[in-house]
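> Right, I'll just put the structure down here and ask away after.
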């Protein structure tokens, strides 16, 4: 059954669903015979939910495939990320809080170092630190091109985002990074006639930018990649008739949530408790809350096993605040695995806990961990099934057929 | 995610993968409450790998479907055998070591018995034994048809393979077996105009063959089926950027491996140890080794439970020779099940063991057997996922999306 078919089954009820995503939750033991990060963490509250609920392993894309954060979240939101591509430029822009609307063209920018002949000698400008790159980005913001509005924002180190807004722009543009040193940055080339206007405008902007950069010691050039526009995804309201809200500290995840029509809840602080309080403050306004915890992933990427354990324990300690709201469905999972052992995203399936007092069929597992989830009653299933499972356990889906 | 997408994710690393296929590995208990062949076998080495690795059940085609050896191996190789048909004639020819190239037409031949009116009285020529059929096949080899080269080779009992090579041949031909007694063998009929030339040539060959056979007491007729040519499958190099080699005793499996571009490693002997030594001798030349063990299946087909147990124990005893090579990924599985209790291939999912010290997420299982695999962390999964899993655990796949 296809996801789009859910629309015809939606029931008009007022149950509430909470999706708590600990980014990169899945892990690995550091030593043979050892435990994973989640298995090591003391999680009495999540273990209680595991007793009362059901566990399983969620597969973000398909067997063996390691997802980026964008595709992994789209899967959890019920949108097939293989069929629906969200361009890198759009994710990069949303990641720093720059909105990309349909018809805007966003790109990822890299500063690079050019030699005396204008050839690239370092594709990442010596990985210049953020504090050096920020003032350079400020200078780029001064460029004006008649007929369009341009927004530039620094991302991290040598990376920035640029978004062009105006009439008749198409994102069908070739990237300007020659992907090697010893070659000059390429011009922006239109992939078709409709994109010629955007190509010309981006080339004008690049010419102006190179004038500004020419005396920089390292970042005296730039390349643009991942030209893209808002992919026009269906919204949570359209797909599921849910008033959905996002509580996330990092802009990237707020961006993906916006792409599917979630409202952003503003709040101060960045602890799990701060995030859960933001949910509590808006409890009556929404049917669905997506809560994103970033630091499980950051610690995994850093190879910091103990740090990741501590983040998980911090989330666990705050869980009673969520339970006190009496959600009808609480799902605790990750978007993908980021084992500290591998220091990067991985393909391993993701621990998944579904708690729904009125409707769940509990399995026999008594704690939340990778190996418990391997024995969980939900088995291994595609993350695309997250939303049908959530809606069903919230009693929001009518019967299919007579 | 489609398998063809893996190409864009391939990472240029030098890790090594070994796929050890024990043909027909899956089994059944002979008595209620009993153990299967694999559970009965003493396999201390594979049990150690089970402790360190992860288990699961591989489904060759889909639930309830019993595969032939060709489709079952294609699945393990990552090629959907339902979408990609390899004609029976091609498999039969490769099975006896006859190569079929693009444009050649291969067919399976059956000897049959004709009555005085030329009608089939026995579609399998009384299942004449191999020693009677071999000299008849020798006579058929003498037939010459101008303009084409013809190769005939005996397979087993009443079965043989015939391959025609020449210009402008098409395999779109109807089979000549009327599928019942009391009817005459049919002529070869072209399914379209382009196949008329091949039809005429095969009919000429059949006419000559019947002249030679006419005084045989049992095999005085023949039928041809499964006309096919090389399906032009993508190679391991194209699909996975793997230098792949095959170590197999039986021609059929070397044939399937050749169809996906594997090199054949020549070696003497036919024990597991002989096969593993062949791998060791060529360890530096390849990234991927497919090792095929036939006798698990042969004993299963013969209903020889104890014989199959002994073959498995023989493989286990040689496993340290493989481990000594330090593969990054070792997968031990079967292509399908051949329970001695059923004396034939079956649809039951196949025990699957994945060992990869740097990247595997171990489950809680401590021995390699059907019931341990039912509780394994990989769950039940399509055999088509074997290659994505192998590549991922060898750290040969980049991240999908940002």
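Protein chains in written order, with the working numbering: chain A, 1 to 402; chain B, 403 to 804.
Beta carbons are placed, not taken as given, at the ideal position from N, Cα and C, and that holds for glycine.
None of these values were measured; they are calculated from a predicted model.
(1) Measure the C-alpha to C-alpha separation of residue 215 (chain A) and residue 209 (chain A) and round it to an integer number of angstroms.
(2) Report the rounded CA-to-CA distance for residue 162 (chain A) versus residue 220 (chain A), giving the unit in angstroms.
(3) With distances taken from CA atoms, which of A:270, A:344, A:206 and A:169 is nearest residue 186 (chain A)?
(4) Name, going along the chain, the residues of the stretch 758 to 783 of chain B whose beta-carbon falls closer than 9 Å to a beta-carbon of chain A.
(5) For residue 738 (chain B), does the three-state DSSP call read helix, strand or coil?
(6) Please name the residue or residues paired with residue 790 (chain B) in a DSSP beta bridge.
(7) Would you decide whether residue 15 (chain A) is buried or exposed? Buried here means 16 or more other CB atoms lie within 10 Å of its CB.
(8) Please classify residue 210 (chain A): does DSSP put it in a helix, a strand, or coil?
(9) To which residues of the same chain is residue 301 (chain A) closer than 7 Å at the C-beta, ignoring the five residues directly before and after it?
(10) Can you give me the start and stop residues for the alpha helix (DSSP H) that residue 254 (chain A) sits inside?
(11) Establish whether the CB of residue 71 (chain A) and some CB of chain B are separated by less than 8 Å.
(12) Is there a Cβ from chain B that is less than 8 Å from the Cβ of residue 159 (chain A)?
(13) Going by CA-CA distance only, name the one from B:736, B:692, B:571 and B:764 that's closest to residue 602 (chain B).
(14) Does the beta carbon of residue 254 (chain A) sit closer than 8 Å to a beta carbon anywhere in chain B?
(15) Report, in whole angstroms, the separation of the C-beta atoms of residue 294 (chain A) and residue 249 (chain A), which I expect to be a contact under 8 Å.
(16) Mind pulling the alpha helix (DSSP H) runs of 4 or more residues that sit fully within the stretch 438 to 503 of chain B?
(17) Determine whether the beta carbon atoms of residue 803 (chain B) and residue 629 (chain B) lie at a separation below 8 Å.
(18) Suppose the cutoff is 6 Å on Cβ atoms and the five residues either side in sequence are ignored; what does the same chain contact list for residue 308 (chain A) look like?
(19) Which residues, taken in chain order from the stretch 781 to 804 of chain B, show a beta carbon closer than 9 Å to some beta carbon of chain A?
(20) Since I believe residue 423 (chain B) is in contact with residue 808 (chain B) (beta carbons under 8 Å), could you give me their beta-carbon distance rounded to a whole number of angstroms?
(21) On the DSSP bridge assignment, give the partners of residue 419 (chain B) in chain order.
(22) Where residue 355 (chain A) and residue 329 (chain A) are concerned, what is the direct C-alpha to C-alpha distance, given to the nearest angstrom?
(23) DSSP on residue 314 (chain A), reduced to helix/strand/coil?
(24) Using the three-state DSSP reduction, which class does residue 120 (chain A) fall into: helix, strand or coil?
(25) Under three-state DSSP, which class holds residue 700 (chain B)?
(26) Identify the residues that DSSP records as bridge partners of residue 539 (chain B): which are they?
(27) Ignoring anything shorter than 3 residues, give me the beta strand (DSSP E) runs that lie fully in the stretch 556 to 604 of chain B, in order along the chain.
(28) Any C-beta of chain A sitting closer than 8 Å to the C-beta of residue 454 (chain B)?
(29) Contact between the stretch 475 to 487 of chain B and the stretch 771 to 788 of chain B is defined here as three or more beta-carbon pairs at a separation below 8 Å; is this criterion met?
(30) Which term fits residue 8 (chain A), buried or exposed, when burial requires 16 or more other beta carbons within 10 angstroms of its beta carbon?
(31) Within 8 Å (strictly less), CB to CB, does residue 75 (chain A) reach chain B?
(32) Can you have a look at residue 378 (chain A) and say buried or exposed, based on whether 16 or more other CB atoms are within 10 angstroms of its CB?
(33) Around the C-beta of residue 509 (chain B), are 16 or more other C-beta atoms found within 10 angstroms, so that it is buried, or is it exposed?
(34) In this structure, how does DSSP classify residue 372 (chain A) when only helix, strand and coil are distinguished?
(35) Considering only the alpha carbon of each residue, which of A:374, A:363 and A:148 lies closest to residue 50 (chain A)?
(36) I need the boundaries of the alpha helix (DSSP H) containing residue 239 (chain A), first residue and last residue.
Quick answer:
(1) Distance between the alpha carbons of residue 215 (chain A) and residue 209 (chain A): 12 Å.
(2) Straight across, the Cα-Cα distance linking residue 162 (chain A) with residue 220 (chain A) is about 17 Å.
(3) A:206
(4) 759, 760, 761, 762, 763, 764, 765, 766, 777, 778, 779, 780, 781, 782 and 783
(5) coil
(6) DSSP output for residue 790 (chain B) lists no bridge partner at all.
(7) buried
(8) helix
(9) So the list reads 338, 343 and 344, once near-sequence residues are dropped.
(10) 251 to 259
(11) yes
(12) no
(13) Among B:736, B:692, B:571 and B:764, the Cα nearest to that of residue 602 (chain B) belongs to B:571.
(14) Output row for residue 254 (chain A): interface = no.
(15) 6 Å
(16) 439 to 442, 446 to 454, 471 to 478 and 490 to 497
(17) No.
(18) 37, 296, 299, 300 and 340
(19) Cβ contacts with chain A: 781, 782, 783, 784, 786, 787, 788, 789, 790, 791, 792, 793, 794, 795, 797, 799, 800, 801, 802, 803 and 804.
(20) Nothing in the structure corresponds to residue 808 (chain B), since chain B is present only between 403 and 804.
(21) B:690 and B:731, per the DSSP bridge assignment.
(22) 6 Å
(23) helix
(24) strand
(25) helix
(26) The partner list for residue 539 (chain B) (beta bridge, DSSP) is empty, contrary to what the question assumes.
(27) 561 to 567
(28) yes
(29) yes
(30) With fewer than 16 other Cβ atoms from the protein chains shown falling within 10 Å of its own Cβ, residue 8 (chain A) counts as exposed.
(31) no
(32) buried
(33) buried
(34) helix
(35) A:363
(36) 236 to 240
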